[in-house]
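Colleague:
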Amino acid sequence: MSENSLALSIQGLGVSFFTEDGIARAVQDVSFSVKKGETFALVGESGCGKSVTALSIMRLIPQPPGKIVSGDIVFDNRSLLELSEKRMRGIRGNKIAMIFQEPMTSLNPVYTVGNQIVEAIRLHQKKSENQAWADAVDMLRKVGISEPEQRVNEYPHQMSGGMRQRVMIAMAVSCQPQLLIADEPTTALDVTIQAQILDLLDDLQKQNGMSILLITHDLAIVAERADNVAVMYASRIVEIAESKQLFQEPLHPYTKGLLKSLPRLGLGREVKRLQTISGTVPDPLHFPAGCKFHPRCSVGCSDKRCQGIEPELREVGNGRHVACWYAQGYETEEEIKEYESKYGKK
Amino acid sequence: MIKRRLTNSEQPKGRSLWQDGLKRLGRRKLAMVCFAVIVLYFLLAGFIYFAELIDWQVGPIRWQEEVGGAYEGPSSQNKFGTDIFGQSVLRKTLYGAKISITVALCASFISIVIGVPLGTIAGYYRGVVDEIIVWVYSTLSSIPYILLILAFAVVLRDKTLFGFKLTGITSVYLAIGLTSWVGLCRLIRGEVIKHKEREYVLAAKSYGCSGARIIFRHLLPNVFHLIIIDFSLRFVAFIHAEVILSFLGLGEATRPSWGVMINDARIELSRGVWWQMVAATAAIFFISLALNIFGDALRDAIDPRLRKAA
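Here it is as structure tokens:
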């Protein structure tokens, strides 16, 4: 894979929040890369560090208490972490755009939607007021808002959630960014609108050839839309795979658990209880030692090594990455020997 | 309301917050009446300035003239009667508008210029800056208001500041302005803290807004209605403060102001001379009422969150 085919590459990213109660390591050693034109999904439960990762890419971590403590974020062959704040502003909205979870609150209530799209356009492009307004109307039409000539003069409170999210998308893609970060773009919307919004993102992606970093906790969305998936658990990536492979053959016990806990329609007549993953997500201030998933894991909960040594993300062949001692082909010969000498045969 | 459909060839026109708000304000009759009253007061003050400038000897300018004997009651000739020197109370009242409006306007200006930037900076940047600003205003606000304002007025009186001699009303509005920014600053700071956590601020950052742009374009408009309300209420308070200072002999000494008139009328009342008191009080009453009602209506009009469904 050549460097130029990558839109974004993150290496060993670590983000910590220095709070009064201690240091919360919200993101640790996160590495992944997004290819040009693909949709890369980042999946995980609430509080696992997905949004913090996204905000780190934009360099919008609230500072203090947050701080990027390690790693690098490379976009367009440049390290984003080394850019001056001014250069970074030129990238935000222009090269990398972001849409947020809550369309209800992410538009400024005192401006018409047109006003806000025009601001986004004029911040990065030298366009006259009139030209920008015409562009804003075009953008609204493009994101499927009917009667954009009238809608452009409406305030956010006059619009429904779905429409506001469309407006947010219009703002985000108005400068034709190379990367769109969609932080749970459909969580606050109902199911039919969800599909429409995702279809819209697909269309825009095809038109502009932009990459999408889709952050979600909804596996159904991932299965349909994403090319590659990274699963995050408690501040780390536990598995990266092509989305088809991930759904066919999950390698990490956490991914397996997630997939088993999905309701399925039309499979078999008998009604069974859904399987769940026992236990709760650990608090970032008090992560367990060793593999962070081990207290909830069905295979490794009593394994001394899982309790003591945290597995790193490794390639296990077939282009798949996983962080689990029990995954096929994960351990090196030396590690097997070391394990057997310490704890005896598995 | 039926909206006209635009054809594609027409350029869509943006409608700003203010155009929208003022249109809505126009529909409120009472507010417009109050606005007219306020404008009348301002015009009067402006007119007196103008007449003094070109030395045009119209009624209010000639307030010193003796138009009759001492303490003549209201008559067809002197609508509000005369005072102890036989000067027309009506003319003095009209002239007092100039003093009051000048003081209130300058004091409001000073307190907004100090309070809004400090409040916004403290709320947006927090940290050490915030602590210093909070410390300053907490200290100021721990001193009783009248005492503080008196202290400032006494200290500033007849001093020279940057080459300007602080006489009469200058020291009054400086004293009022320098002491009254605390409330506004605190209000704005709180509101900015609230708003900067909103997602639209994050969204604005995400499409490349700088800190200054977020403050001026995104946060200030969202707290602006508070400045307006505060201005309209405080304007009244400043008129009152001027009256109090003049009443206590720290304000305007040589020219008629409402405070001085009320101070004079205090003694006159026992003799049954009520017209000077009534004239000054009525003048204060009408502008206070008008400012309050108008300020409220203005807030309703420009704050989209309070807007009723059209």
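First to last, the protein sequences are chains A and B.
To convert, note that position 68 of the first sequence is 82 in this note's numbering; the numbers rise steadily by one, no gaps.
To convert, note that position 217 of the second sequence is 202 in this note's numbering; the numbers rise steadily by one, no gaps.
Just so you know, even glycine gets a beta-carbon here, dropped at the ideal spot from N, CA and C.
Could you please give me the residues that DSSP links to T230(A) through a beta bridge?
Modeller: V57(A)
Colleague: Which residues in chain A have a C-beta closer than 7 Å to the C-beta of H203(B)? List them in chain order.
Modeller: Residues of chain A passing the Cβ test: N122.
Colleague: Name the residue from L22(A), V48(A) and Q321(A) whose alpha carbon lies nearest to the alpha carbon of V243(A).
Modeller: V48(A)
Colleague: Look at the alpha carbon of G314(A) and the alpha carbon of G193(B), and state the distance between them as a whole number of angstroms.
Modeller: 46 Å
Colleague: With a cut-off of 8 Å on the beta carbons, I'd call Y80(B) and W48(B) a contact; round off their distance for me.
Modeller: 5 Å
Colleague: Indicate the three-state DSSP secondary structure (helix, strand or coil) for H266(A) in the structure shown.
Modeller: coil
Colleague: Measuring straight from C-alpha to C-alpha, what distance separates I23(B) and S142(A)?
Modeller: 39 Å
Colleague: What residue range is occupied by the uninterrupted beta strand (DSSP E) comprising S47(A)?
Modeller: Per DSSP, S47(A) belongs to the beta strand (DSSP E) from G36 to K49.
Colleague: Helix, strand or coil for E116(B), going by three-state DSSP, please let me know.
Modeller: Helix at E116(B).
Colleague: Against F31(A), what residues of chain B qualify as contacts under a CB-to-CB distance less than 8 Å, listed in chain order?
Modeller: Within 8 Å Cβ-Cβ: nothing; F31(A) doesn't reach chain B, min ~16 Å.
Colleague: Tell me whether the region 86 to 102 of chain B and the region 206 to 226 of chain B touch, counting them as touching only if at least three CB pairs, one residue from each stretch, are closer than 8 Å.
Modeller: yes
Colleague: Thinking just about the alpha-carbon of each residue, which of S60(A), R287(A) and L218(A) is nearest to the one in D197(A)?
Modeller: S60(A)
Colleague: By the criterion of Cβ-Cβ separation under 7 Å, what are the contact partners of A107(B) in chain A?
Modeller: The premise fails here: A107(B) is roughly 16 Å from chain A at the closest Cβ pair, so nothing lies under 7 Å.
Colleague: What does a CB cutoff of less than 8 Å around F56(B) pick up in its chain, not counting 5 residues either side in sequence?
Modeller: The sequence shown places Tyr at residue 56(B), rather than the Phe named in the question. Contacts found: G66, T67, D68, I69, E253, R256 and V258.
Colleague: Quick check on D149(A): does DSSP put it in helix, strand or coil?
Modeller: helix
Colleague: With DSSP collapsed to three states, give me the class of V157(A).
Modeller: coil
Colleague: Counting Cβ pairs, one atom from each stretch, are 3 or more of them under 8 Å apart for the region 130 to 140 of chain A and the region 207 to 218 of chain A?
Modeller: no
Colleague: Would you report the Cα separation of F201(B) and G128(A), rounded to the nearest angstrom?
Modeller: 18 Å
Colleague: CA-CA distance, K258(A) and Q145(A)?
Modeller: 44 Å
Colleague: Are the CB atoms of G8(A) and A202(A) nearer to each other than 8 Å?
Modeller: Only positions 15 to 360 of chain A appear in the structure, and residue 8(A) is not among them; the question remains open.
Colleague: Using a C-beta cutoff of 8 Å, does F114(A) count as contacting chain B?
Modeller: Closer than 8 Å: yes.
Colleague: Measure the Cβ-Cβ separation of P59(B) and W243(B) and say whether it is below 8 Å.
Modeller: no
Colleague: Does chain B have any CB closer than 8 Å to the CB of R106(A)?
Modeller: yes
Colleague: Per DSSP, which one or two residues make a beta bridge with L193(A)?
Modeller: I110(A) and S225(A)
Colleague: Compare the C-beta of D237(A) against all C-beta atoms of chain B and say whether one is closer than 8 Å.
Modeller: As written in the sequence, residue 237(A) is Ala, which differs from the Asp given in the question. For A237(A), the answer is no, since every Cβ of chain B falls outside 8 Å of its Cβ.
Colleague: Any beta carbon from chain A within less than 8 Å of R183(B)'s own beta carbon?
Modeller: yes
Colleague: For the alpha helix (DSSP H) that contains T164(B), what are its first and last residues?
Modeller: I154 to T164
Colleague: Name the chain B residues that come within less than 7 Å of A14(A), Cβ to Cβ?
Modeller: Chain A is shown from 15 up to 360; residue 14(A) falls before or after that span and cannot be answered.
Colleague: Against A196(A), what residues of chain B qualify as contacts under a CB-to-CB distance less than 9 Å, listed in chain order?
Modeller: Here the premise fails: no neighbours, minimum Cβ distance about 12 Å.
Colleague: Would you kindly report the start and end of the unbroken alpha helix (DSSP H) that includes G85(A)?
Modeller: Taken as a continuous stretch (DSSP letters only), G85(A) belongs to no alpha helix (DSSP H), being part of the beta strand (DSSP E) at G80 to F89.
Colleague: Select from the region 65 to 97 of chain A all residues with a C-beta closer than 7 Å to any C-beta belonging to chain B, and list them in chain order.
Modeller: M72 and L74
Colleague: Quick check on H335(A): does DSSP put it in helix, strand or coil?
Modeller: strand
Colleague: What number of angstroms, rounded off, separates the C-alpha of R178(A) from the C-alpha of A21(B)?
Modeller: 39 Å
Colleague: Where does G246(A) sit, in a helix, a strand or coil, going by DSSP?
Modeller: Position check: residue 246(A) holds Met in this sequence, whereas Gly was assumed. In the structure shown, M246(A) sits in a strand (DSSP, three-state: E or B).
Colleague: Is D149(A) buried or exposed, if buried means 16 or more other CB atoms sit within 10 Å of its CB?
Modeller: buried
Colleague: On a Cα-Cα basis, can you pick out the residue from K83(B), E237(B) and F216(B) that is closest to I278(B)?
Modeller: It is F216(B).
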